[in-house]
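Peer 1:
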Amino acid sequence: MSEKRFKVLVTDVLHKNYDLEESILSPIGAELCLQKLKTEQDLIDLGKDADGIMGIYFKISRRAIEQMEKLKVISVWGVGTNHLDIPAATEKGVMVANVPDYCMDEVSNHAAALMLGCARKISQHDRLTQSGEWGYSTYQLNRFAGKTVGIMGLGTIGRAFAKKISGFNVNLIGFDKYVSEEKMKEINVKKVNFETLLKDSDYISIHAPLNDETRHLFDEEAFKKMRNTAYIVNTGRGGIIDEAALLNALNNEEIAGGALDVYEEEPLKKDRGLIGHPKLTLTPHVGFKSIEASIECREKAAIAVRDALMGKRPKYTINV
Numbered sequence: 004m005s006e007k008r009f010k011v012l013v014t015d016v017l018h019k020n021y022d023l024e025e026s027i028l029s030p031i032g033a034e035l036c037l038q039k040l041k042t043e044q045d046l047i048d049l050g051k052d053a054d055g056i057m058g059i060y061f062k063i064s065r066r067a068i069e070q071m072e073k074l075k076v077i078s079v080w081g082v083g084t085n086h087l088d089i090p091a092a093t094e095k096g097v098m099v100a101n102v103p104d105y106c107m108d109e110v111s112n113h114a115a116a117l118m119l120g121c122a123r124k125i126s127q128h129d130r131l132t133q134s135g136e137w138g139y140s141t142y143q144l145n146r147f148a149g150k151t152v153g154i155m156g157l158g159t160i161g162r163a164f165a166k167k168i169s170g171f172n173v174n175l176i177g178f179d180k181y182v183s184e185e186k187m188k189e190i191n192v193k194k195v196n197f198e199t200l201l202k203d204s205d206y207i208s209i210h211a212p213l214n215d216e217t218r219h220l221f222d223e224e225a226f227k228k229m230r231n232t233a234y235i236v237n238t239g240r241g242g243i244i245d246e247a248a249l250l251n252a253l254n255n256e257e258i259a260g261g262a263l264d265v266y267e268e269e270p271l272k273k274d275r276g277l278i279g280h281p282k283l284t285l286t287p288h289v290g291f292k293s294i295e296a297s298i299e300c301r302e303k304a305a306i307a308v309r310d311a312l313m314g315k316r317p318k319y320t321i322n323v
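Counting in this note's numbering, the sequence shown runs from 4 upward without gaps.
1. Please identify the residue among Gly83, Leu46, Val79 and Glu136 whose C-alpha is closest to the C-alpha of Gln70.
2. Locate the alpha helix (DSSP H) running through Cys300, then write down its first and last residues.
3. CA-CA distance, Ser208 and Ile125?
4. Between which two residues does the alpha helix (DSSP H) containing Asn237 stretch?
5. Applying the criterion that 16 or more other CB atoms from any shown protein chain within 10 Å of the CB defines a buried residue, is Pro103 buried or exposed?
6. With burial defined as no fewer than 16 other Cβ atoms inside 10 Å of the residue's Cβ, what is the status of Arg130: buried or exposed?
7. Are the CB atoms of Val195 and Phe178 nearer to each other than 7 Å?
8. Give the single residue among Ser204, Met187 and Thr284 whose Cα lies nearest to the Cα of Asn231.
9. So what's Ser183 in DSSP terms, helix, strand or just coil?
10. If you count every other CB in all the chains shown that lies within 10 Å of the CB of Pro317, and 16 or more means buried, which is it?
11. Please go through the same chain and pick out, in chain order, the residues whose beta-carbon is closer than 7 Å to the beta-carbon of Lys292, but skip the five residues on each side of it.
12. Can you tell me whether DSSP reads Gly153 as helix, strand or coil?
13. Measure the C-alpha to C-alpha separation of Ala307 and Ser134 and round it to an integer number of angstroms.
14. When burial is assigned at 16 or more other CB atoms within 10 Å of the CB, is Asn237 buried or exposed?
15. Buried or exposed: Val289, going by 16 or more other Cβ atoms within 10 Å of its Cβ?
16. Which residue comes first and which comes last in the beta strand (DSSP E) that contains Asn174?
17. Given that a residue counts as buried once 16 or more other Cβ atoms are within 10 Å of its Cβ, and exposed if not, what is Gly242?
18. Taking Ser26 as part of the alpha helix (DSSP H), name the residues at either end of that continuous run.
19. Taking the alpha-carbon of Ser26 as reference, which of Lys202, Pro90, Lys315 and Ala304 has the nearest alpha-carbon?
20. Between Lys186 and Lys180, what straight-line distance do the alpha-carbon atoms span, to the nearest angstrom?
21. Within 10 angstroms of its Cβ, does Met4 collect 16 or more other Cβ (buried), or is it exposed?
22. What is the DSSP secondary structure of Leu277, reduced to helix, strand or coil?
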């Protein structure tokens, strides 16, 4: 190990060991500081002399960032960065890096599985059969081929999902302000506006980040514009769907059903009204998970810290 030159604070201690991160950071003299932080003041006290931060859930506010005089980089184990004050980091000259591509295969597979589950009513038939009933004629099923699948968000995961679901002979339309019509055409997706996505889709899959533009984009007005035979799948971010509006749409038969892996508040609480709803399939934010994805994510996050501390720009720096 090289002489200690840098301190890297880990804000979320989630793993049994950090041998992988240490193998990447130790050669440059970076030492991990593993602490179970509880408050913002804990972060400030332990991070005041930190050169780097690694984490995924712990909120890092402007107040904390402004008191970290040595901080050069915040590296996220994952995609989402809505727990960070990115403008404050940018003003302070702190690079923020994430790992946007580590679970591309897993999340796109999970979204496809949930969508096919909606089409075949897998959850409903499972509950029926597990209860001892034999009701193969209870639920009406329609052919999936020939349906229109709308994709909100055509980033790396959205594009991977489009390629996979296209194998089921469906029509693909997509809404993403930041992806050109030409780029969508390359994966046989027709670019449409948001209103057309709502009106023309039999199934909608969400693959967008949560920000001011997307928060509660699927509200009461949006659900009223959808087909009453349509289904919605969300493996993106929970806050994109207004869950109260979703429940109203389901209960008023404005849409047929849905499947969620992400929620406005996590862990999901029973009083939210989603648990046990007969028209919903719910999974506990596991779309990103696999042994291989975890290793890839941790490795890339540590490399981002190493690069920043050595004066390089990390590959997936999201601020200037």
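Every residue gets a Cβ at the ideal spot worked out from N, C-alpha and C, and that includes glycine.
Peer 2: In short, the structure shows the following:
1. Taking the Cα of Gln70 as reference, the smallest distance to any Cα among Gly83, Leu46, Val79 and Glu136 is reached at Leu46.
2. Its alpha helix (DSSP H) spans residues Ile294 to Leu312.
3. One alpha carbon belongs to Ser208, the other to Ile125, and they sit about 17 Å apart.
4. Element bounds for Asn237: not the alpha helix (DSSP H) but the beta strand (DSSP E), Tyr234 to Asn237.
5. For Pro103, the number of other beta carbons within 10 angstroms of its own is at least 16, and it is reported as buried.
6. Exposed, since its Cβ has fewer than 16 Cβ neighbours within 10 Å.
7. In contact: Val195 and Phe178 (Cβ atoms closer than 7 Å).
8. Of the candidates Ser204, Met187 and Thr284, Ser204 places its Cα closest to the Cα of Asn231.
9. The answer is coil: DSSP assigns Ser183 none of H, G, I, E or B.
10. Buried.
11. Excluding sequence neighbours, Lys292 sits near Glu109.
12. Under the three-state reduction of DSSP output, Gly153 falls in the strand class.
13. Going by the C-alpha atoms only, they are around 50 Å apart.
14. Flag for Asn237 reads buried.
15. When all chains shown are included, Val289 counts as exposed.
16. Element bounds for Asn174: Asn174 to Phe178.
17. With 16 or more other Cβ atoms within 10 Å, it is buried.
18. Ser26 -> alpha helix (DSSP H) spans Asp22 to Leu28.
19. Each of Lys202, Pro90, Lys315 and Ala304 was checked against the Cα of Ser26, and the nearest Cα belongs to Ala304.
20. Distance between the alpha carbons of Lys186 and Lys180: 12 Å.
21. Unreliable positioning characterises Met4 in this predicted model, as indicated by a pLDDT of 49, which lies under 50. The coordinate reading is nonetheless provided below. Counting Cβ neighbours within 10 Å, Met4 comes out exposed, since fewer than 16 surround it.
22. Three-state DSSP puts Leu277 in coil, outside helix and strand.
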